[in-house]
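Participant: Residue numbers (the working numbering), protein chains in the order written: chain R, 57 to 354; chain G, 57 to 354.
Idealized CB from N, CA, C, for every residue including glycine.
1. What residue ranges within the stretch 108–183 of chain R form continuous alpha helix (DSSP H) runs of no fewer than 4 residues, ordered along the chain?
2. Between residue 107 of chain G and residue 99 of chain G, what straight-line distance do the alpha-carbon atoms span, to the nearest angstrom?
3. For a cutoff of 7 Å on Cβ pairs, would you count residue 284 of chain G as touching chain R?
4. Against residue 288 of chain R, what residues of chain G qualify as contacts under a CB-to-CB distance less than 7 Å, listed in chain order?
5. Going by DSSP, what residues sit across from residue 241 of chain G in a beta bridge?
6. If you measure between the beta carbons of residue 70 of chain G and residue 101 of chain G, is that distance less than 7 Å?
7. Could you work out which residues of chain G lie near residue 124 of chain R, taking near to mean beta carbons separated by less than 7 Å?
8. Going by the CB atoms, is the gap between residue 203 of chain R and residue 214 of chain R shorter than 7 Å?
9. Residues in the same chain with beta-carbon distance under 8 Å from residue 341 of chain G, minus the five sequence neighbours each way, listed in chain order, please.
10. Report the residue from R:264, R:297, R:198, R:218 whose alpha carbon sits nearest the alpha carbon of residue 210 of chain R.
11. Measuring alpha carbon to alpha carbon, tell me which of G:176, G:111, G:312, G:323 ends up nearest residue 134 of chain R.
12. Helix, strand or coil: which one does DSSP assign to residue 60 of chain G?
13. So with CB distances below 8 Å, who are the chain R contacts of residue 234 of chain G?
14. From residue 109 of chain G to residue 137 of chain G, what distance separates their C-alpha atoms?
15. Count the other C-beta atoms from every protein chain shown that fall within 10 angstroms of the C-beta of residue 140 of chain R, then say buried if there are 16 or more, exposed otherwise.
16. Counting only beta-carbon atoms, is residue 167 of chain G nearer than 7 Å to chain R?
17. Name, please, each residue of chain G whose Cβ falls closer than 9 Å to the Cβ of residue 191 of chain R.
18. Assign residue 269 of chain G to one of two classes, buried (16 or more other C-beta atoms within 10 Å of its C-beta) or exposed (fewer than that).
19. Closest to residue 173 of chain G by CA distance: which of G:218, G:351, G:85, G:189 is it?
20. What did DSSP end up calling residue 75 of chain G once you bin it into helix, strand or coil?
21. Between residue 142 of chain G and chain R, is any beta-carbon pair separated by less than 7 Å?
22. Need the endpoints of the beta strand (DSSP E) that residue 98 of chain G sits in, please.
23. Any idea what DSSP makes of residue 295 of chain R, helix, strand or coil?
24. Using the Cα positions of residue 191 of chain G and residue 125 of chain G, report the straight-line distance between them to the nearest angstrom.
25. Say whether chain R places a C-beta atom closer than 7 Å to the C-beta of residue 330 of chain G.
26. Excluding the 5 residues flanking residue 164 of chain R on each side, which residues of the same chain have their C-beta closer than 7 Å to its C-beta?
27. Three-state secondary structure (DSSP) at residue 224 of chain R?
28. Between the Cα of residue 282 of chain R and the Cα atoms of G:276, G:282, G:83, G:300, which residue gives the shortest distance?
29. Going by C-alpha to C-alpha distance, which of G:194, G:217, G:131 sits closest to residue 76 of chain G?
30. Does any CB atom of chain G fall closer than 7 Å to the CB of residue 244 of chain R?
31. To the nearest angstrom, how far is the alpha carbon of residue 220 of chain G from that of residue 79 of chain G?
32. For residue 252 of chain R, count neighbouring C-beta atoms within 10 Å of its own C-beta (all shown protein chains included) and say buried if the count is 16 or more, exposed if not.
33. Should residue 183 of chain R be labelled buried (16 or more other beta-carbon atoms within 10 Å of its own) or exposed?
34. With a threshold of 16 other CB atoms inside 10 Å of the CB of residue 266 of chain G, please say whether the residue is buried or exposed.
35. In chain G, which residues lie less than 7 Å from residue 296 of chain R when you measure between Cβ atoms?
36. Indicate whether residue 73 of chain R and residue 104 of chain R have their beta-carbon atoms separated by less than 7 Å.
Quick look at the structure:
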């Protein structure tokens, strides 16, 4: 029993969910933050949130934005609706490779499978090949499919490490249009100090570091200049905004909620003050997490 | 020759591009703005922009945002990079239906095909059916595929009107989670007063109305509060912002460009002043178009 608990908690043996198949960039993100973790693949982002909320997983690692493709809308919606908190972030370099079956040649490839965003990121290379592109759920899943089919005229766009996982060969590397392509992920845990189903605390055994970045979400009242008023609260205190993102409310067309990444910890005095003031102006203000900025790949 | 020209220009016989297959919501958007238009389907958004820029099409109708799914990132990127101008907007109600082959029964459906966003918008209904969902390029394309396959255990999520186009039956109507689901489209034309390949002017023969909405794009310098400073220029003049959207610059990770919809015409004095001031603070300011607000479906 003690052993079972140890397997589920802490950076060593934590159960950490990611969306996709083994070999996905998300799995790499998990292993960067939790080198010894039990990385658990899921089919959808929602499954990660549900498993973390229910305590079946200690953490989840979910993509927030890609430096080319922009924000991942589903993640932002799940963060606003969920009972999880952001406890960390991690940035992964996204170098796409063209993977084919052993012996395949790049000039014989006719069909290329991958996630739509990966296909877009490699559009110049793929246009040069003159191939048909087939959208799939994720990059590693595309690699798996190409390996299972075994056809030399099919290839996948995926991480180079997916070649090792599925027994494929790298036909071309770093085929993305912008060489400096990165994805930023959030590390999520159950909100509050609740315990996981295994009886282990839902916060990392070894904290990920002192929080110096905070993500919040709020709505604005229906008056001209409302958003400016909300943002000025931060500008007035010299608090830098790393990111602003808007998402529709869904049930009210053309109304939005706003997500801000503020470069300060939620307990730092200027941000504590700012949040107090914002609560009087904004609607539905929530702190989604306060966590240490990622200090690996910038 | 005179006849050929008449076929290509004006709200009557204009060539208007949309992405998707006949029966798509985008085709409906085209016909709402240009009732007698020659609606031209394309496979990608990029093809519409290229055809409009080259003068092969008089107009394009491209989706900007959905009230549930949010902004369509590809369109925003193409608007920033393109040589087109927004001359109008149009809002379409998006009521999704489940379409099957004649005689199919909803309880026998095992696989449902559609665009990923349509599948997400109907997630509660589809979860209740317990079916496998298959992502495809677009809703009408999914309907076409179901019709061609002819299998009674396959269905598509698409507009009800796609049933008529492909000889399918409506198995269930208005299956989206949020009943009030809408998509807003931009009407684009070639920028400036250039002429189309057919010799016809690139602006509508009958103007779409007096501009009272303007879309701009700009970057911000790297100083705290830069975005607030840009937005205050509008707030100070009582100019309402209908929407703010951020998109990554791509070649510079974690830097963004911002898109604003301002509720005023670009020639209205307060906005002319605001744009003059913004040009001194922002980087790469461009007016993407000034056009009449859509007064059909709100």
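Facilitator: The short version:
1. Counting whole runs of 4 or more residues, the stretch 108–183 of chain R contains the alpha helix (DSSP H) stretches 129–137, 172–177.
2. So the two alpha carbons sit approximately 12 Å from each other.
3. Chain R contact via Cβ: present.
4. Listed along chain G are 284, each with a C-beta nearer than 7 Å to that of residue 288 of chain R.
5. In the DSSP assignment, residue 241 of chain G forms a beta bridge with G:119, G:146.
6. Result no, Cβ atoms of residue 70 of chain G and residue 101 of chain G do not sit closer than 7 Å.
7. Residues of chain G passing the Cβ test: 304, 306.
8. No, they are not a contact pair.
9. Taken in chain order, the residues that qualify are 272, 273, 274, 331, 334, 335.
10. Selected option, being the one with the closest Cα: R:198.
11. Comparing Cα-Cα distances from residue 134 of chain R to each of G:176, G:111, G:312, G:323, the minimum goes to G:176.
12. The pLDDT assigned to residue 60 of chain G is 38, lower than 50, so where the model puts this residue is not dependable; a value taken from the coordinates is nonetheless given after this. Residue state for residue 60 of chain G is assigned as helix, using DSSP reduced to three classes.
13. Within chain R, the residues near residue 234 of chain G are 306, 307.
14. Distance from the CA atom of residue 109 of chain G to the CA atom of residue 137 of chain G, rounded to whole angstroms, is 12 Å.
15. By the beta-carbon neighbour count (other beta carbons within 10 angstroms, threshold 16), residue 140 of chain R is buried.
16. No, residue 167 of chain G does not count as interfacial toward chain R.
17. Near residue 191 of chain R (Cβ distances below 9 Å), the residues of chain G are 172, 191, 192, 193.
18. With 16 or more Cβ atoms within 10 Å of its Cβ, residue 269 of chain G is classed as buried.
19. Cα-wise, what sits closest to residue 173 of chain G is G:189.
20. Residue state, collapsed to three classes: strand.
21. Closer than 7 Å: no.
22. Counting along the chain, the beta strand (DSSP E) containing residue 98 of chain G begins and ends at 94–98.
23. In this structure, residue 295 of chain R counts as coil in the three-state DSSP scheme.
24. Distance between the alpha carbons of residue 191 of chain G and residue 125 of chain G is about 15 Å.
25. Using beta-carbon distances, residue 330 of chain G does not count as an interface residue toward chain R, since no partner is under 7 Å.
26. 208, 209, listed in sequence order.
27. Here residue 224 of chain R sits in coil by DSSP.
28. The candidate whose alpha carbon is nearest that of residue 282 of chain R is G:300.
29. If we check each option's Cα against that of residue 76 of chain G, G:194 comes out closest.
30. Residue 244 of chain R has a beta carbon lying at 7 Å or more from every beta carbon in chain G.
31. CA-CA distance, residue 220 of chain G to residue 79 of chain G, rounds to 8 Å.
32. With a pLDDT of 43 at residue 252 of chain R, under the threshold of 50, the modelled position of that residue is not reliable, and the figure given next carries that caveat. Under this definition residue 252 of chain R is a buried residue.
33. That one is exposed.
34. By the 16-neighbour rule on beta-carbons within 10 angstroms, residue 266 of chain G is exposed.
35. By Cβ distance, chain G contributes 280.
36. Yes. Within cutoff.
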